[in-house]
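Visitor:
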Amino acid sequence: MLATLAQNNAGNVAGGIGAIVFFIYLAILILIIVGGWKMFEKAGQPGWGVLIPIYNAYLVLKIVGRPAWWLILFLIPIVSLVISIIVIVDLAKSFGKGVGFAIGIFFLGFIFVPILGFGDAEYQGPAAG
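One gets this note's numbering by counting positions in the sequence shown from 1 and adding 1442 to each.
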């Protein structure tokens, strides 16, 4: 009887922790979406584009001044990593930020993308030319 009660309590605790983790995840996801939306609008692109998978990558390429055919490069393993780094550095430069900020976007995008969207960074035009 006691063992069953302990198992039920453990299950309730685990369920509570799972719910907390879910709501934290949901809050971070909403922060990323809204921050990306604002970032796109600062760059003169439609904010809702952040919600559509391949289209948002196209818009980022447009923001940084890279050609649309680079979308194909994102499909090639290892090459996609190099292209992603180039695009992220160009994105940071397009908003007047440096390579250090680009490293932040690469490793902690859920923090640095909202900083671009909500912060005082202004879109300065495509960094790639």
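Cβ coordinates follow ideal geometry from the N, Cα and C atoms, glycine included.
Take GLY1567 and list the residues in its own chain whose beta-carbon comes closer than 6 angstroms to its own, dropping the five residues that flank it on each side.
Guide: Numbered from its first residue, the sequence shown carries residue 1567 at position 125. Contacts found: none.
Visitor: State the DSSP-derived secondary structure class of GLU1564, mapped to helix, strand or coil.
Guide: Looking up residue 1564 in the sequence shown gives position 122. Residue state, collapsed to three classes: coil.
Visitor: Pick from LEU1513, VAL1502, PHE1552, LEU1517: whose alpha carbon is nearest that of VAL1531?
Guide: The residue given as residue 1531 occupies position 89 in the sequence shown. Nearest of LEU1513, VAL1502, PHE1552, LEU1517 to VAL1531, Cα basis: VAL1502.
Visitor: Whole angstroms is fine: what's the gap from PRO1519's alpha carbon to ASN1454's?
Guide: Position 77 of the sequence shown, counting from 1, holds the residue named residue 1519. Position 12 of the sequence shown, counting from 1, holds the residue named residue 1454. Distance between the alpha carbons of PRO1519 and ASN1454: 42 angstroms.
Visitor: Can you tell me whether PRO1556 is buried or exposed? The criterion is at least 16 other CB atoms within 10 Å of its CB, across all chains shown.
Guide: Counting from one through the sequence shown, the residue named residue 1556 turns up at place 114. It is buried - the Cβ of PRO1556 has at least 16 other Cβ atoms within 10 Å.
Visitor: Contact defined as beta carbons within less than 8 angstroms: I believe ILE1525 pairs with PHE1516. What is the distance between those atoms, to the nearest angstrom?
Guide: What you label residue 1525 is simply residue 83 of the sequence shown in a count that begins at 1. What you label residue 1516 is simply residue 74 of the sequence shown in a count that begins at 1. About 6 angstroms separates the two Cβ atoms, so the contact holds.
Visitor: If you pair each beta-carbon of the segment 1458-1478 with each one of the segment 1544-1560, do three or more pairs fall below 8 angstroms?
Guide: Enough Cβ pairs lie closer than 8 angstroms, so yes.
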